[in-house]
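Final position of the sequence shown in the working numbering is 252; the numbers increase by one with none missing. Don't be surprised by glycine CBs; every beta carbon is placed ideally from N, CA and C. If you're wondering where the values come from, they're calculated on a predicted model, not measured in any experiment. For reference, the structure discussed in these notes is given below.
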Amino acid sequence: MRLPLIAGNWKMYKTVEEARSLAQAVADDLRFDDREVLICPPFTALQAVRAVVEGTPLALGAQNMHWAEQGAYTGEISPLMLRDLGCSYVILGHSERRQYFGEDDALINRKVRSALEHGLRPILCVGETKAQRDAGNAKTVVLGQVRLCLEQVTAEQMHSLVIAYEPVWAIGTGDTATPADAQEMHEAIRNTLADLYGSQVADQVRIQYGGSVKPDNIDDLMAQSDIDGALVGGASLKAGDFRRIVAFERRS
Ligand code: PGA
1 MRLPLIAGNW KMYKTVEEAR SLAQAVADDL RFDDREVLIC PPFTALQAVR AVVEGTPLAL
61 GAQNMHWAEQ GAYTGEISPL MLRDLGCSYV ILGHSERRQY FGEDDALINR KVRSALEHGL
121 RPILCVGETK AQRDAGNAKT VVLGQVRLCL EQVTAEQMHS LVIAYEPVWA IGTGDTATPA
181 DAQEMHEAIR NTLADLYGSQ VADQVRIQYG GSVKPDNIDD LMAQSDIDGA LVGGASLKAG
241 DFRRIVAFER RS
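Next comes the structure, spelled out in structure tokens:
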């Protein structure tokens, strides 16, 4: 049984005060034991949000990380620093990191391994662009990313890793993959994990869908057998929308 994980990626939004009040509104009276809920504020708000989520079911995560523990890396944040602030998860390889900051699979792999070595659970993001999908290459691209980003990751470590399938053309566009298309890709990812690690590991790895997840499409997405949660951007910035997504209907 895979515990669904709904995660909010706040991206580069919210000052400290705004983050505190959004976290408060999300956490207010939140009670679930059949799903896990995570928020990932910007680095600058982690400490303030940590104080809000303590004692609530909300987990705290970051949106990126450097691979080294410390060093002369101006402007970077290390896994030790994230642990120090109470983070249990870190989003890695988001398509915006790939697109605007030149992150490639080799770099993301290095970060994934470092996160795991430091007790952080990576949410490894993969996804194809519109051009790649139109050319019929979506699966080749996504499954290639999965393999490269997981190099040297052990079967044991896979228990703490989450994969987020986020088609780039669906992020922030209002254009969601159909539940059937998303399911097809999630199943292909799970088959690749079975190839790499065996079916027992593949069966327990959670695969989230991300890309314009909203209150009105979450239930249909979550009804798919290989969709184990959602990575939510825009809609996670509105407490009411995010809470509705978190409260998705369980059909199975
Ligand atoms: P979106 O973003 O929900 O705004 O499409 C998702 C993401 O980037 O993780």
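Less than 8 Å between the beta carbons of residue i and residue j, yes or no?
i	j	result
residue 52	residue 27	yes
residue 88	residue 55	no
residue 208	residue 59	no
residue 5	residue 153	no
residue 105	residue 149	yes
residue 143	residue 182	no
residue 141	residue 192	no
residue 57	residue 12	no
residue 2	residue 228	yes
Within a Cβ cutoff of 7 Å, which residues of the same chain sit near residue i, ignoring the five residues on either side of it in sequence?
i	result
residue 82	62, 65, 90 and 120
residue 95	125, 127, 166, 168 and 171
residue 174	212
residue 47	85
residue 158	197, 201 and 205
Any heavy atom of ligand 1 inside 7 Å of the beta-carbon of residue i?
i	result
residue 9	yes
residue 235	yes
residue 212	yes
residue 94	yes
residue 171	yes
residue 168	no
residue 232	yes
So, at 6 Å on beta carbons, what are the nonlocal neighbours of residue i in its own chain, with the 5 sequence-adjacent residues on each side left out?
i	result
residue 86	50 and 60
residue 110	67
residue 223	251
residue 34	none
residue 246	6 and 37
residue 210	164, 166 and 231
residue 129	168
Comparing the C-beta of residue i with each C-beta of chain C, is any distance below 8 Å?
i	result
residue 208	Looking at the structure shown, chain C is missing, and only one protein chain is on hand.
In the DSSP assignment, what are the bridge partners of residue i?
i	result
residue 164	125 and 208
Could you check whether the stretch 175-191 touches the stretch 234-243, counting it as contact only if at least three pairs of C-beta atoms, one from each stretch, sit closer than 8 Å? no
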